[in-house]
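The structure appears right after this line, and notes come after that.
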Amino acid sequence: MPFIGLIEPDEKTADQVQTTLEPFCKEKACQFLKFKTTTDLDRWLAEGSNSSESCLLLLMHIALNDVTNEFKIRAAKEKYKTDVVALAFEDSKVPGHFIFSLPVENLIYKPLDPAILFEHVRFAVQKSDLLKPVAVHSLSEKCEIEKIRRFEVIGLSDFGFLCKTNSELVIGQACKFYHPIFANQSKQSCWARLISKDGDTHHFLYCSVENALTNLLRKKIAEAKSKVKDISFHGLSHEVKVSAPRVYLQLQDEEEKQKLAEYLGRKFPKYVVTDWKFNPKDPKTEIELLITDQVWTVKALEQAFIKRPLLIGVGRPKIKDSELAAAFEIDYLRMVYPIDRNFMGKALVSLFPDSPEDEPAVTTWISTDQKLLQSEPIEAHQLSEAAFTYNRTPVLTRGSLQEFALSEEDESDLKPILSKTQFAVDKPNADGEFTHQIVFFGIRDASLKKLRLWMRLRHIQSQANNS
1 MPFIGLIEPD EKTADQVQTT LEPFCKEKAC QFLKFKTTTD LDRWLAEGSN SSESCLLLLM
61 HIALNDVTNE FKIRAAKEKY KTDVVALAFE DSKVPGHFIF SLPVENLIYK PLDPAILFEH
121 VRFAVQKSDL LKPVAVHSLS EKCEIEKIRR FEVIGLSDFG FLCKTNSELV IGQACKFYHP
181 IFANQSKQSC WARLISKDGD THHFLYCSVE NALTNLLRKK IAEAKSKVKD ISFHGLSHEV
241 KVSAPRVYLQ LQDEEEKQKL AEYLGRKFPK YVVTDWKFNP KDPKTEIELL ITDQVWTVKA
301 LEQAFIKRPL LIGVGRPKIK DSELAAAFEI DYLRMVYPID RNFMGKALVS LFPDSPEDEP
361 AVTTWISTDQ KLLQSEPIEA HQLSEAAFTY NRTPVLTRGS LQEFALSEED ESDLKPILSK
421 TQFAVDKPNA DGEFTHQIVF FGIRDASLKK LRLWMRLRHI QSQANNS
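In our numbering, the protein residues as written are 1 to 467.
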């Protein structure tokens, strides 16, 4: 009879695992065998006809700080022709890459949570199925969470940054980023738009500018000791070289408009700046940039202009991150009053690099070892403490590692959750996307508690919205 084996020196833990997995072993018509060491397992296999028994899965206790873990686990997988789930106590001193590199189906922390153990053993054994969790609660309603990618910082300034990534991003794409340098009250994020890329080097311009955060960022940059020289920031490429951008100012605040017009005339003498009032009866016109505090729609822009200009929205109210993606379809940059002309000047140099400013502003660049966390909102289905599904293309390889975070207003305690691709369907849906099942990998007790609370609040909110 096939078996699920456990290598666990602690008898109390071994008994708990056996009790937890008895229903699953009965369902799979396999036996559960517990041993204190692999030597005990070898001795059992050597007895009589036991050598012919197949191991469906091996659960192994490990010490996270043991540098030979990877070797031991690979040896066990090869010797017993099976996959491994590791059991271990948390150790905050162990580097993350030690954990990420473990060749295991999952890592489950002690003290064990029976429901989590049960689910991840099911996932490890039944690899070729899209499974619905049975021992933990799942949200019936879909919800938005965030997929996290880590970018290496080359240089960071008060108007943008350079980073390295192999992620496939599109010029003009607006992205949300987390980093401690953006910390301001309960937030530690900013939005930036990709304006140029050269191989794996990507050039981002901040696209949602709040003066309080910008001033705080400048202070942190000034105090930083890790200054970087010889940074070459590439501006936005245009189909046709723009050496004299045509700019319309559509601002109701007369004082701000006059200050900005004077600033543009002094710093950018080649710009053709016009104080503009929109009249729907006027024929379509063509410009490169519209600086406005009015609300525009895509349809209105197409009716007013021969070709949609870049739009810098000024005096924009603060809105939720979930609403910003739609706002960025209209606003290339979003700014507040009073206009930060220092940032505006650097942004314009980036947007129209073929029309440089007179008396270029000095920019200080710094480096940081902490990576930028780029956030991509995704729609999760059947979210539970163990797993969830979501649709995407192209298909991910089984076992590929990813990170996800819970969308929250308070970003001060952001801790991405490491996850693995468990399963992907082989046929796309009507939108051409493939359903993927993702399991949480090595999820810690603190993250579990946070996830459960987050799910409970989302469920309550969903019920309130539907009542």
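The beta-carbon is built from N, C-alpha and C at its ideal position, and this holds for glycine as well.
| Query | Result |
| --- | --- |
| Contact set for residue 196: own chain, Cβ-Cβ below 6 Å, skip 5 residues either direction | 203 and 234 |
| Where residue 470 sits in the DSSP three-state scheme | Only positions 1 to 467 of the chain appear in the structure, and residue 470 is not among them; the question remains open. |
| Residue 30, DSSP secondary structure in three states | coil |
| Residue 84 versus residue 59: straight-line alpha-carbon distance, rounded | 6 Å |
| Closest Cα partner of residue 311 within the set 329, 303, 324 and 230 | 329 |
| Cutoff 7 Å; reference residue 142; Cβ partners in own chain excluding five residues on either side | 379, 380 and 381 |
| Any 3 or more C-beta pairs closer than 8 Å across the segment 133–148 and the segment 344–359 | no |
| Nearest to residue 436 (by Cα), restricted to the options 132, 67 and 210 | 132 |
| Cα-Cα separation, residue 397 to residue 421 | 7 Å |
| Distance, residue 429 Cα to residue 285 Cα | 43 Å |
| Unbroken alpha helix (DSSP H) run spanning residue 465, endpoints | 445–466 |
| Helix, strand or coil at residue 121 [DSSP, three-state] | helix |
| Check whether residue 293 and residue 258 have beta carbons under 9 Å apart | no |
| Pair within 9 Å by beta-carbon distance, residue 137 and residue 385 | yes |
| Test item: CB-CB of residue 53 and residue 103 under 9 Å | no |
| Outcome for residue 61 when other beta-carbon atoms lying within 10 angstroms are tallied against a minimum of 16 | buried |
| Residue 80 versus residue 46 - alpha carbon distance | 13 Å |
| Whole-Å CB distance - residue 86 paired with residue 117, under 8 Å assumed | In fact, because the Cβ distance is near 12 Å, the residues do not count as touching under 8 Å. |
| Separation of residue 31 from residue 162, as counted between CA atoms | 55 Å |
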